[in-house]
Every structure is written in C-alpha cells, then in structure tokens.
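Engineer:
Numbering (this note's numbering), first residue to last: 129 to 428.
#1: From residue 220 to residue 138, what does the alpha carbon distance come to, in whole angstroms?
#2: Note down, in chain order, each residue of its chain lying with its Cβ closer than 8 Å to the Cβ of residue 151, except the 5 sequence neighbours on either side.
#3: Smallest Cα separation from residue 408: which of 178, 246 and 133?
#4: So, with DSSP's three-state summary, where would you put residue 366?
#5: Can you check whether the CB of residue 355 is closer than 7 Å to the CB of residue 373?
#6: Return the residue from the list 334, 147, 143 and 283 that minimises the CA-CA distance to residue 181.
#7: Taking 7 Å as the limit between beta carbons, can you name the residues of its chain near residue 279, skipping five residues before and five after?
#8: Would you call the stretch 356-375 and the stretch 310-329 in contact, with 3 or more CB pairs under 8 Å?
#9: Grab me the residues of residue 228's own chain with a C-beta within less than 8 Å of its C-beta, minus the 5 sequence neighbours each way, in chain order.
#10: Specify the secondary structure class of residue 361 as computed by DSSP and reduced to three states.
#11: Tell me the residue span of the alpha helix (DSSP H) that contains residue 116.
#12: Which term fits residue 240, buried or exposed, when burial requires 16 or more other beta carbons within 10 angstroms of its beta carbon?
#13: Tell me, to the nearest whole angstrom, how far the beta carbon of residue 353 is from that of residue 387; I am working on the premise that it is less than 8 Å.
#14: If you draw a straight line from the C-alpha of residue 357 to the C-alpha of residue 160, how long is it?
#15: Kindly give me the distance between the Cβ atoms of residue 262 and residue 252, rounded to whole angstroms, as I take these residues to be in contact under 8 Å.
#16: Can you give, in chain order, each stretch of the beta strand (DSSP E) that sits fully within the stretch 232-259 and has at least 3 residues?
#17: Where residue 154 and residue 303 are concerned, what is the direct C-alpha to C-alpha distance, given to the nearest angstrom?
#18: Could you tell me the distance, in whole angstroms, from the CA atom of residue 397 to the CA atom of residue 307?
#19: Quickly, what does DSSP pair residue 387 with across the bridge? List them, please.
#20: For residue 344, collect the residues of the same chain with a Cβ closer than 7 Å to its Cβ; drop the 5 residues on either side in sequence, then sort them by chain order.
#21: On a Cα-Cα basis, can you pick out the residue from 403, 198, 140 and 135 that is closest to residue 274?
#22: Quick one: which unbroken alpha helix (DSSP H) runs of 4-plus residues sit fully inside the stretch 175-221? Chain order, please.
#23: With DSSP collapsed to three states, give me the class of residue 149.
#24: Per DSSP, what kind of secondary structure is residue 379 in: helix, strand or coil?
#25: By Cβ distance, which residues of its chain are closer than 8 Å to residue 399, with the 5 residues on each side in sequence left out?
#26: Who are the Cβ neighbours of residue 215 in its own chain at under 6 Å, not counting the five residues just before and after it?
#27: Between residue 316 and the rest of its own chain, which residues show a CB-CB distance below 8 Å, the 5 nearest in sequence each way excluded?
Structural data, given as structure tokens:
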C-alpha cells in the first residue's frame with residue numbers, strides 16, 4: 129500500500145470534515161474548499177503552511193509526536209483516528225515499528241484459549257485478527273456465525289461475509305452501519321500493519337468484487353471496536369440485540385477476543401438460549417474448536 133497516498137487521502141478527508149465555526153474561525157463568504165483551508169489547519173496546529181502542506185502531501189517521515197498531537201487536535205481527530213495518524217507516521221519513518229511475527233507461520237490457539245472460550249456458555253465468544261478472520265470460537269460462536277463458517281475458503285472471514293454473501297443483508301438488519309464499521313476496522317489495521325500481504329490481498333479482493341466496499345474504503349474512516357450494542361437477525365432464532373466487549377489479547381498482540389451477551393430476562397436472552405440448544409444438537413457436546421490457522425507470511 130502506498131503510504132504517501134494513504135497519508136494524503138486521510139489528512140485531506142479529515143480537513144474537509146471540519147468546518148471553520150467548529151474551531152472558532154470565521155466562515156467568510158468566499159470559501160472555495162470544503163472544510164478548513166490548509167493555512168487554517170497550519171495555524172491551529174502551530175506549524176508553517178509550507179510544513180503542513182508537505183505533511184498533507186504524504187511526507188510524514190520525521191514528524192515529531194508533538195507535531196502529530198497538534199495536528200490531531202487541529203483536525204479534531206477521535207482516538208481511533210489519532211492512533212491511525214501515528215500508525216501512518218510510524219510506517220513512513222526510516223525505522224518503522226517491528227512488525228508482529230508469529231512462528232510457525234500458521235497460528236493455532238493454545239488449548240487453554242479454547243478451554244476459556246468453551247467456558248463461555250451464555251453467548252458467542254470468538255477470537256479474530258485485524259483482517260477479521262475468525263480464528264477460534266466456542267460452540268455459540270460457531271452457531272452465531274453459521275453462515276460465515278459456511279462460506280468457501282479458510283479461515284472464515286467476517287469482512288468477506290459482509291460484502292460478498294447476500295445472507296449478510298438479512299443477518300445485519302442495519303447492513304450499512306455494519307459495512308461501515310467493517311471497513312473502518314480494516315482501514316485501521318492497514319495503517320497498523322502496512323506490509324501485511326494477506327490483509328492487502330483481502331482488501332484487493334473486496335475492492336474488486338464489491339462496489340459498496342470501494343465506496344466506503346474511499347472515505348478513509350477508521351474505528352476502534354471495543355464495546356457497545358448490536359442487533360442481528362439470526363437465520364435460526366430471529367432478531368437479537370446483544371452487548372459486546374472486545375478484549376485485546378496480551379499474549380497475542382493483534383488478536384481480539386470478543387464476547388456477545390444478551391440482557392438477562394430479555395427476549396434476546398430467550399433466543400440466545402434457543403440458539404444454545406440448537407448449537408448443542410448441531411455440534412454434539414457443544415465444544416467449540418480452533419477455526420483455522422491464521423495465514424501469515426514470515427516478516428509480515
């Protein structure tokens with residue numbers, strides 16, 4: 129991925145989003161740009177117009193943390209966008225951060241991780257990477273994402289399901305919101321890990337096969353995905369509104385353990401119990417499994 133182009137598009141789209149009145153500047157009557165002018169961003173960030181212009185053209189190499197922080201404040205970046213800006217700067221620097229490596233090339237969850245997932249019996253629990261591959265799950269996780277697991281290819285991938293499988297339009301009642309979140313997660317991961325060939329292969333595949341993905345990818349939005357509520361329409365038990373918590377795995381940097389839970393006593397909790405019964409009949413003893421190895425090129 130072209131780092132300079134990524135920087136240019138990200139900063140340009142962030143600048144276009146901020147209006148003068150949001151930062152205490154006069155709007156004027158003869159504005160030819162959407163959002164802020166470069167000179168206005170430079171003033172807010174405390175740098176020269178020439179320097180900011182160079183940054184926006186993609187030359188983040190050598191930018192100090194202080195400059196990046198000032199730029200983040202000037203452009204009113206949220207925490208996910210700020211982290212993405214720093215990731216892009218690290219990737220542009222002469223000495224980038226060490227990339228995460230796993231040896232052997234195919235990652236397999238430790239048995240204790242699968243035991244932990246299987247101990248979660250009231251809701252889906254699964255492990256994914258930044259590419260949105262499902263790497264391990266409990267029985268309810270497999271039942272919850274049954275259509276994702278049914279797609280060809282390995283490992284099963286949430287992003288591929290979202291954009292390339294028509295069943296996703298039913299599974300996600302607010303498909304547009306889920307699609308935006310999916311792209312924002314992939315965009316953030318591409319900034320953190322710009323040399324990940326498998327990630328870029330996935331982005332290329334989705335961009336080639338999905339017009340909606342291309343449109344959303346061009347927005348350059350990024351997102352951290354930690355906690356909240358989502359509504360799903362499961363093909364077996366129907367609609368469920370679930371809380372979710374995403375936990376970064378200390379022992380496996382780059383992987384996230386996510387748990388979904390229904391409010392106790394709610395209709396969604398009743399339907400989750402029905403899904404658990406279905407999963408027990410579908411998967412025998414109810415134990416989950418390691419879903420697939422994580423393809424990872426050495427040094428990526």
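Where is the CB? At the ideal position from N, CA and C, for every residue including glycine.
Structural biologist: According to the structure data:
#1: 14 Å
#2: 164, 168, 172, 202 and 204
#3: 246
#4: strand
#5: yes
#6: 143
#7: 288, 289 and 293
#8: no
#9: In this prediction, residue 228 has a pLDDT of 48, which is less than 50 and means its spatial position is unreliable; what the coordinates show is noted afterwards. For residue 228, where only same-chain residues beyond five positions count, the Cβ hits under 8 Å are 321, 381 and 382.
#10: strand
#11: Residue 116 lies beyond the stretch modelled for the chain, which goes from 129 to 428, so this question has no answer here.
#12: exposed
#13: So it is not a contact: roughly 13 Å between Cβ atoms.
#14: 40 Å
#15: With 8 Å as the limit, residue 262 and residue 252 do not qualify as a contact, their Cβ atoms being about 10 Å apart.
#16: 253-257
#17: 38 Å
#18: 25 Å
#19: 253 and 373
#20: 307, 308 and 311
#21: 403
#22: 177-184, 193-202 and 207-220
#23: helix
#24: coil
#25: 362, 365, 366, 367, 368 and 390
#26: 319 and 320
#27: 208, 211, 212, 215, 258, 350, 351 and 352
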